[in-house]
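**Q**
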Amino acid sequence: MEEKVLQAQGLKPEPVVRPMTEQTLRTDGCEEVNRMLHSIATEVADVPAVGSDKKLPPSYQSDSGEASPSKSPVSPGLAVRSQTETRLQWRNKMDNSLRRLMLNMELDGDERLRDFAHQARCNHLDKIFDWYTTHGGKEVRKEAQRATAPAFVRYNQDGPVMPGSLRVPKTPKLDKQKAPAKKDVALPGLSRGVSSPALVAAGTLNVESPANSPCPSPKAKAAR
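Our numbering runs 15 ahead of the 1-based position in the sequence shown.
(1) Can you give me the Cβ contacts of L116 inside the same chain, cut-off strictly under 7 Å, excluding the 5 residues immediately before and after it?
(2) What is the C-beta distance between D123 and R136, in whole angstroms, given that I count them as a contact (C-beta under 8 Å)?
(3) Do you know how far the Cα of G151 is from the Cα of T163?
(4) How is the alpha helix (DSSP H) around K19 delimited, first residue to last?
(5) Can L113 and Y147 be called in contact, C-beta distance under 8 Å?
(6) Give the straight-line distance between the Cα atoms of E154 and V176, rounded to the nearest whole angstrom.
(7) Quick one: residues in its chain with C-beta nearer than 6 Å to the C-beta of Q172, no 5 flanking neighbours on either side, listed in chain order?
(8) How many Å lie between E158 and E100 at the Cα?
(9) Could you compute how far the alpha carbon of Q160 sits from the alpha carbon of R102?
(10) Rounded to whole angstroms, what is the Cα-Cα separation between H139 and M120?
(11) Between which two residues does the alpha helix (DSSP H) holding T36 run?
(12) Beta carbon of D141, beta carbon of A132: below 8 Å?
(13) Report the rounded CA-to-CA distance for R50 versus M109, giving the unit in angstroms.
(14) Suppose you measure from the CA of G174 to the CA of R156; what does that come to, to the nearest Å?
(15) Check E29 in the structure and name its three-state DSSP category.
(16) Look at the alpha carbon of E29 and the alpha carbon of V48, and state the distance between them as a whole number of angstroms.
(17) On the three-state DSSP scale, how would you describe L122?
Here you go:
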């Protein structure tokens, strides 16, 4: 019945699917594999002899990573072009994605959206702008950084040590002739106070001796 309906509509009948059994899985494709194996077995092996000085066959030379002397050295222009090829491909894909996103701006102008059309266009345009400002300038920044930034790190030996660096900062060396003596070096906050002789004499007069003290000593109390 289904075949008659398909024929009436001008459609081809669906191909008969082979049952997924163990026998069909094991026999499917075996003839092709056998044919390839027989063709490989009849081919002559082109293997270089052990210890011979003959050149390798062309098949081995193409697979080897050694550069042949006949090849000319790569010019700097070609090397730079090969490095920028990936960036150019990425930029083309970026432009293609931007064009596809801009198609939604035309679709948002449908009359059936009515008052929501203006809001949808503005929201979609904001999203495109945020996306392009985040991802659109990546390759441009990389190219500018490679053009200006050096390929190595430099630092000034006399400059301050950066955080996390294992470099020991240099200590200022004092001149032996201008360096003051140890006894003349005055540390801030640890200087000795200087009192006049009059104040020292007045302090000693005010201190009473144990004999003139009105309070008797413990030995005097025991003698009484």
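In this text, a Cβ means the ideal position worked out from N, Cα and C, and glycines have one as well.
**A** Taking the geometry as given:
(1) Counting only Cβ-Cβ distances below 7 Å, and skipping sequence neighbours, we find I143.
(2) Correct: roughly 5 Å between the Cβ atoms.
(3) Taking the CA atoms as reference points, T163 sits about 20 Å from G151.
(4) 17-24
(5) In this structure, L113 lies near Y147, with their beta-carbon atoms less than 8 Å apart.
(6) 33 Å
(7) none
(8) 12 Å
(9) Each residue's Cα considered, the two are about 14 Å apart.
(10) 7 Å
(11) Run containing T36: none; DSSP gives neither H nor E here.
(12) Taking 8 Å as the cut-off, the beta carbon of D141 is found no closer than this to the beta carbon of A132.
(13) Each residue's alpha carbon lies about 47 Å from the other.
(14) 29 Å
(15) coil
(16) 28 Å
(17) Reduced to three states, the DSSP call for L122 is helix.
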